[in-house]
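J.:
See the structure below:
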């Protein structure tokens, strides 16, 4: 790849670091069909309020799998060709003219939701549910590439003592933090449904937030083992035992104070309502693929239960909390089960698809030493 | 009816007021079948912590209609013979030996849920969702009678300037207060689904709590007219227009900040989620008769919405708030559309059944002068 | 005054409406001493994200009086020469190149706090307590002038059915809304200390938010009369009666559920803690001029009371709530006791100083027809 | 001491365990003067709703020291002769006729506040701030004795795997839990002022509740060492360094998100407000001995800070949370620095007085084996 000066900031006053290539490797969803391709494309241009980031690590989210597999949701939302991916960390190599607080060379992760700033929700400090949100790697070019351009407002400065593999998972960890901290957990019996990466993150987060007992429900033994390794006090395989009975047994008959639904599975959601005690709280993060039939009378109304929908994470309240957990020594390494160069994307997506993995991290600019 | 001294308190130190009959008229569900009968039965005995109340007014709740009609729920819960009814007001005429703060002659209404005091919820101050709750007129003898015995802990002293017809509706009004005040309403666009008595109560309560605009959705024109009379800024008949479009029109495209679901109707619940803005709050009070199919992804999760199940009312936090609204002059008279002696119960239940009514009040001890 | 095209936006792509003068009349604090002068000065220039507003009304805040009188606080904060004033409404007449949602001709009010957007608080959606806040008319040129330039992010579009005199008081009304809505008021006994304009605004706001009873404590009879006219159920002159006794009398011995402290007077703050019931909430908006000695043991700790400091208003959550109250018909006209051209500023400040006034509104571009 | 059957329950149907003495050893404040005496007194009688408990351990609270030393507060509140002490654990040996859920032989601790059940606060589920509260060992006979009688409603069943020394400290630990959990701590920088036993308890509680960093401020080196041993990330001696500077240094300039004031010291309270960031939360548990002069303007109002008074603990919400922390393995043993028989009370109180101790536990019925 030919190195050259960038020459692409919109103004002579924009700053840039040394040599930046004009072309880069990127994983591109080329056509409205399953799959993706590694291609050479232009390094993205930056606007006056944008920064250009050299991607040091990018991790795969369930959303990326939807996109890769080109399911119904992807077909309705995404317009190929598109570089996708939205969990990443890297180094700032160029900044636009109106960038004010991000220096060249900054080590950063990024909030993936670009909020409009003008809608009712944004004007209430609820940017995470902005009604005109645009998502990196979904609605605009993403992070499975050597470089990415994003607005400065989405940059999250990160301490260099956290390597790129940890820095990149701050974004999905933020989903878990936001979900877990919606309601107080101190002294609470917490049941987590689904031990994909976000569910796995939630285990140590709930433990560190004072949960009395964390019970993880998940049909994959591989993931249950990870949950246990991350500190889940109890793990339950719903294919092998009655979830409701087990939760009652483990909670002296009280039931769950808090349920964190991370699976999107309709049966799990129904079970979540069943195991909840009266006055309990259930947060829904996992996205069901269709309508879900619920016993609202017994599951929600008579119980006086609270059902909280969770989308994204607080910008940047959740990021500060996430940083707090990392700073205080929380070790999330066990969740990262696989790492590989971006060129092995085929293997990476296969691992995510078959569930024999935690978080999979890819390196667009070469493996770390 | 023969008058005699009561002689029924469990101890010679219990106090009683003058002459109390031994027998009384009561509406009795005699057999596990539709209907009920007016009968002469024993005036109830009182235990050491109970009070005996002469019922000056008793109003009909939807629950009573289930019981009267002997539907599936009633068949599973109620054991005839039973005097039913749980909304009432009256005068204390006898008190048990351990009654400490309720004098003979006190004018009172009553909380209908008798909580156990020992369960996890009770020990958290959440008696309204006690897991061993017993309901007056459902699990023990009720208020469609000349006298009723209840524990002193359920008594709510009421100012005599509120006549029995108003005093008795404090209980269902409490449902509306509890539902409405679960989330701040000041400056909010509030949509109420269902204009039965509780939905109707909710209209002035929401207005008095600072709602910017109250929109009532209800298929009965009779009830929509009542809603308007009670101050609903907008009324919508879902049989005649598109609810979602109308709500968006009325809210400058923002949608509802708060939805109060008082109907239990599955379509209404689905519409409630549709009209809710991102970050909005929906309280569910109406009890659906079966499972409800919901679009949790778009209706709850992506919106970051809060769904709050509502059961009963705070004991006695809600009662204080209810008193506050009454004290500050809230006029709920329009909700009370019919009044009659208990002996006209047939007519009364027919009015409730056909929906051409608001709240129906019955008088077991004669019509007020 | 000579009319000319503005020619002052920083870029040829900024938009402007017809003829804008180059010079204007403005009230200028010229020197570090009491008083101010009406002068002709340059119409302010606008940056790329700014708008230029023709000021149709500007109202006087207590802060302006501090500035005018040049007290200790003003001496420590303000650097003359300065055009001051921060409550205003007007019409947008020019916009910078990066202004995206505000059209020329828009009728607007403005948030007076310009937040940095980068500090811990701003990144938590708490711009009202930004640690690097700059205040219009205090830290940069203000609104007692024919034109003012402010960042677009501070603009609040206002409906033209509210005349400039009402539009300008949205800002201080917002203080009252923010103070009053920090805690639920439905069914609550609310005591307001201080019936200056913000305390007066709080009266109908508390009433409209469901307060059971509003009690206003204020030594000026003129202002007590205004409080009564605005709906205060009880008014108490602390010079004439014992505040604590009266509050207990008026609340059946319970005490205040909520205290709104709008006076900044040390005695009032102490009384506020005294009249508060156990578990009550007191919001402090009034700014004491020095340290205040408090009985924390009896007033706060044993009571389990909550003391909430209040600064500014939520941006823009409070503005939406304020709009909601205005839209639903709240009439704040009685608070506006005097209106005059800007040139009568001398009289205006004298009225504010002597307390024989509610809110005083000035018109820099001529009285409305 | 002569053993005999109790024969003291008010009814022949009360139950009792085997032989209970008629007389017992108790620490009695005999006269309105400093000091106390070990005496033989009658074993207390129980009412119909009471239980009699054999005290296996009783610990000393600061309140007991006030009583022992007979300071101004004690003189105004306490009426000798009185058996004092209110932190204890033991075994139920007799129950009144109306006791329904506590069996003979139950191993229990107790809530020390006996609430009236009838006041505004009690009827809102806020028994911890009951306005007619009576405190064990202050307003009625206490626990520095071989036996104590208390209402069944105050009993807290405890698992036998926690020895009496741990069971007895649940009560003061509850103060710390209640104080710490008033506001979310996950990801927060928490500063604790005062490392007496409650402050020391707060250290692991805050850590277990997700605090990013716990900073303890305390002038006694002995106690700072204990704080460090219990997990405080930073310890600060205010006699040796500038508290505000150190806190800012340790928090990257942000200041404290949360302050827990456990000292009651006026200087500490003022420093607590200084180190608090804008929008921060300070809980006040420590009771100042007189009025405290505060800079409300800079410390509370401009910051938009929340000051929360803390009294007692939630009944029984806090007890459940406390149990949760103990169940999940929190080790509070380091706080218990001294244990001795009740007869050594002189030494015990001296240790508490001179500050060279954490929690001191006494054994009225002999040291455990």
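Residue numbers (the working numbering), protein chains in the order written: chain A, 3 to 371; chain B, 3 to 371; chain C, 3 to 371; chain D, 3 to 371. C-beta atoms are modelled at their ideal positions from N, C-alpha and C, and glycine is treated no differently.
#1: Measuring straight from C-alpha to C-alpha, what distance separates residue 255 of chain D and residue 247 of chain D?
#2: Could you pull out every unbroken beta strand (DSSP E) segment of at least 3 residues lying fully inside the region 154-227 of chain D, listed in chain order?
#3: Among all the DSSP beta bridges, which residues are the ones paired with residue 84 of chain D?
#4: Where residue 361 of chain C and residue 62 of chain C are concerned, what is the direct C-alpha to C-alpha distance, given to the nearest angstrom?
#5: Within the 9 Å Cβ cut-off, does residue 199 of chain A reach chain B?
#6: Between the region 22-35 of chain A and the region 335-342 of chain A, do three or more beta carbon pairs fall short of 8 Å?
#7: Residue 27 of chain D versus chain C: which residues are under 7 Å apart at the beta carbon?
#8: Is the region 327-337 of chain B touching the region 300-308 of chain B in the sense that three or more CB pairs, one from each, lie closer than 8 Å?
#9: Run through the DSSP bridge pairs and tell me what residue 109 of chain B is partnered with.
#10: Spell out whether any CB of chain B is found under 9 Å from the CB atom of residue 179 of chain C.
#11: Does residue 19 of chain D get closer than 9 Å to chain A when you measure Cβ to Cβ?
#12: Are the beta-carbon atoms of residue 272 of chain A and residue 294 of chain A separated by less than 9 Å?
#13: Is there a C-beta anywhere in chain D that falls below 9 Å from the one on residue 109 of chain A?
#14: Note down, in chain order, every chain A residue with its Cβ under 7 Å from the Cβ of residue 323 of chain D.
#15: Rounded to whole angstroms, what is the Cα-Cα separation between residue 28 of chain B and residue 350 of chain B?
#16: Could you compute how far the alpha carbon of residue 186 of chain B sits from the alpha carbon of residue 177 of chain C?
#17: From the DSSP output, in three-state form, read off residue 122 of chain B for me.
#18: Return the chain-ordered list of same chain residues with a C-beta closer than 7 Å to the C-beta of residue 367 of chain B, the five sequence neighbours on each side being excluded.
#19: Any beta-carbon of chain D closer than 9 Å to the one on residue 212 of chain A?
#20: Kindly provide the ranges of any beta strand (DSSP E) runs that are 3 or more residues long and lie completely inside the region 261-336 of chain D, ordered along the chain.
#21: Which value, in whole angstroms, describes the spacing of the CA atoms of residue 347 of chain D and residue 317 of chain D?
#22: Kindly indicate if chain D contains any beta-carbon less than 9 Å away from that of residue 257 of chain A.
#23: If you check the beta carbons only, do residue 274 of chain A and residue 203 of chain A fall under 9 Å apart?
#24: From residue 170 of chain B to residue 215 of chain B, what distance separates their C-alpha atoms?
#25: Could you work out which residue in D:285, D:213, D:108, D:42 is closest to residue 24 of chain D when comparing CA atoms only?
#26: DSSP on residue 247 of chain B, reduced to helix/strand/coil?
#27: With burial defined as no fewer than 16 other Cβ atoms inside 10 Å of the residue's Cβ, what is the status of residue 269 of chain B: buried or exposed?
#28: Identify, in the order they occur along the chain, each residue of the same chain with its Cβ nearer than 7 Å to the Cβ of residue 369 of chain B, setting aside the five sequence neighbours on each side.
#29: Is the Cβ of residue 128 of chain D closer than 9 Å to any Cβ of chain B?
#30: I'd like to know whether the C-beta atoms of residue 211 of chain D and residue 211 of chain A end up nearer to each other than 9 Å.
#31: Are three or more beta carbon pairs between the region 79-94 of chain D and the region 139-146 of chain D nearer than 8 Å?
#32: Kindly indicate the opening and closing residues of the alpha helix (DSSP H) around residue 349 of chain C.
#33: For the region 314-348 of chain A, enumerate the residues whose C-beta is nearer than 8 Å to any C-beta of chain D, in chain order.
#34: Which one or two residues does DSSP pair with residue 41 of chain A in a beta bridge?
#35: Would you kindly report the start and end of the unbroken beta strand (DSSP E) that includes residue 340 of chain D?
#36: Please decide whether residue 86 of chain C counts as near chain D, where near means a Cβ-Cβ distance under 9 Å.
T.: Taking the structure as given:
#1: 9 Å
#2: 157-159, 191-195, 215-219
#3: D:31
#4: 7 Å
#5: no
#6: Output reads no: the region 335-342 of chain A does not touch the region 22-35 of chain A.
#7: Ordered by position in chain C, no residue passes the 7 Å Cβ test against residue 27 of chain D, which lies about 33 Å from the chain.
#8: no
#9: B:93
#10: yes
#11: no
#12: yes
#13: Judged by the 9 Å Cβ criterion, residue 109 of chain A is not in contact with chain D.
#14: For residue 323 of chain D, the chain A residues whose Cβ falls inside 7 Å of its Cβ are 188, 189, in order along the chain.
#15: 15 Å
#16: For the pair residue 186 of chain B and residue 177 of chain C, the Cα-to-Cα distance works out to about 18 Å.
#17: coil
#18: 56, 57, 58, 148
#19: yes
#20: 278-286, 294-296, 308-311
#21: 30 Å
#22: no
#23: no
#24: If you draw a straight line from the Cα of residue 170 of chain B to the Cα of residue 215 of chain B, it comes to about 28 Å.
#25: D:42
#26: helix
#27: Classification for residue 269 of chain B: exposed.
#28: 343
#29: yes
#30: yes
#31: yes
#32: 347-356
#33: 322, 323, 324, 325, 326, 327, 329, 330
#34: A:28
#35: 338-343
#36: Chain D, which has no Cβ nearer than 9 Å to the Cβ of residue 86 of chain C, makes this no.
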